[in-house]
Amino acid sequence: MSSTIPPSTTTTTTTVPAPVPRAQRIAMNLLSRYALVLLWIVMLVALVALVPGDVSPINAMRTVFSQITPVIFLGLGVVITMAVGEFDLSFAGIFSISAVAVPSLAVLHGWPIPLAVLAALVIALVLGAINALLIVGIGINSVVVTLGTWSIAGGLAYLLSGETTVSGLPTALSAVSTARFLGLPLLFWYGLVLVALVAYIMAATPIGRHMAFVGSNRAVAKLAGIAVGRVRVGAYLSSALLAGLAGVVISIGNGGFNPASAASYLLPTFAAVFLGTVAVVPGRFNPIGMFLAAYFLITGVFGLQLLGLTGWVTEVFYGAALILAVTISHLLQRRTKG
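Laid out in structure tokens, this is it:
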């Protein structure tokens, strides 16, 4: 008599993780996008608490929002180039020579001010075109080219200014930049409008989608029919134009410009651009995030100044912010690609 032994059967159980509630997902998404805003609010509250009794907290807030406007203009240019996978160090030099060109041509050489402004913007665009030609056209490393352009532009700024501060523009012109609306200088509102415009272009237009595609993968973008070269050239020209525009409005607002001050904007600009990748669109270079990060940083600097900490502390603060921002940006971008 034979017996049949039934085959052994094993039961495999798979544990399915419980779905995250919708409200929790929304909260986590908002926190990842706007954690920097929450930190900024906390910093603002702390700043108000630190304000001496003889200083109005409202005036302190106005001081914060009245500063760092050049960084907004310059940061937008860097955001545009970084978004398409490029790197631009030349913005500080282009900013310097454009700012010097207006008072130098108008005061020292008697040019009409509108012509001097036009010449400053043309100089900026020419330098941006040189960057594009050497990097996009010939294929030279962007760091080397833009570093060289920065040095050349900065040196020419010293030459044009006679290695000194050039001033003497009509004081009436300063109202174009320094006149106030709702208690804040027009420069702040110019920056806000530009941020909104660039954010719209990058998020809601075909050009913006092409920029994101090129920044993600140039080879695939080219296969998809996108004019990769034109997008890259446009990024360098836009960056140069924004740097030139920043130089023009700053020199007009101040009545002149000292070319030695341009280098001081390099570190805050990069810190704002990279720190901006943790806000609004995490892992991506975006104008609104850069705007929030710029004022987050200046709030921190202003708070340090209220505590009596100046000079080297500011440099350490911006340097630490840049390192931290680059680290977080790298991790977020790696997570996004994954």
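In the numbering used here, the protein residues as written are 6 to 343.
We treat Cβ as the ideally placed atom computed from N, Cα and C, and that holds for glycine.
- For L139, no alpha helix (DSSP H) encloses it, and the DSSP letter there is neither H nor E.
- Counted as a single uninterrupted DSSP element, the stretch harbouring S109 is not any alpha helix (DSSP H), since DSSP gives it neither H nor E.
- DSSP, read as helix, strand or coil, puts F96 in helix.
- Taking a 10 Å sphere around the C-beta of N146, we find fewer than 16 other C-beta atoms and assign the residue as exposed.
- When DSSP states are grouped into helix, strand and coil, R185 belongs to the strand group.
- Using a 10 angstroms sphere on the CB of E168, the tally of other CB atoms stays under 16, which defines it as exposed.
- Counting every other CB atom within 10 Å of its CB across the protein chains shown gives W45 a total of 16 or more, marking it as buried.
- The continuous alpha helix (DSSP H) containing V306 extends over residues P292 to L311.
- In this structure the stretch 108 to 115 lies against the stretch 169 to 179, because at least three pairs of beta carbons, one per stretch, are closer than 8 Å.
- Under DSSP, S172 shares a beta bridge with G261.
- The C-beta distance from F262 to A104 rounds to 4 Å, short enough to meet the 8 Å contact threshold.
- Residue pairing by DSSP places P190 opposite R185 in a beta bridge.
- Contact check for A137 against A268 fails: the beta carbons are separated by 7 Å or more.
- Annotated as proximal: T274 and L79, with beta-carbon spacing under 7 Å.
- Boundaries of the alpha helix (DSSP H) around W155: S147 to S166.
- Between R235 and A134, the alpha-carbon positions lie close to 12 Å from each other.
- A residue is called buried once 16 or more other Cβ atoms fall within 10 Å of its Cβ, and E91 is buried on that count.
- In the structure shown, E91 adopts coil according to DSSP, grouped into three states.
- Only residues of its own chain outside the window of five on either side were considered, and among them F186 have a CB closer than 7 Å to the CB of W194, listed in chain order.
- The Cβ neighbour count for A162, taken over all protein chains shown within 10 Å, is at least 16; the residue is labelled buried.
- A distance below 8 Å between beta-carbons, with the five flanking residues on each side excluded, links L242 to the following residues of its chain, in chain order: L130, G133, A134 and A137.
- Inter-residue distance for A184 and A299 is about 22 Å (C-alpha atoms, whole angstroms).
- Between I140 and V150, the CB-CB gap stays under 7 Å.
- Less than 7 Å separates the beta-carbon of V107 from that of A121.
- No Cβ-Cβ contact shorter than 7 Å links L81 with L246.
- For G324, the number of other beta carbons within 10 angstroms of its own is below 16, and it is reported as exposed.
- In the assembly as shown, W317 is an exposed residue. Its beta-carbon has fewer than 16 other beta-carbons within 10 Å.
- In the same chain as A229, and ignoring 5 residues on each side of it, no C-beta atom comes closer than 6 Å to its own.
- Take G252, set aside five residues on each side of it, and the residues of its chain with a beta-carbon closer than 6 Å to its own are F100, S103 and A104, in chain order.
- Shown here, V236 sits in a helix according to DSSP, grouped into three states.
- Buried is the label assigned to L250, since at least 16 other Cβ atoms lie within 10 Å of its Cβ.
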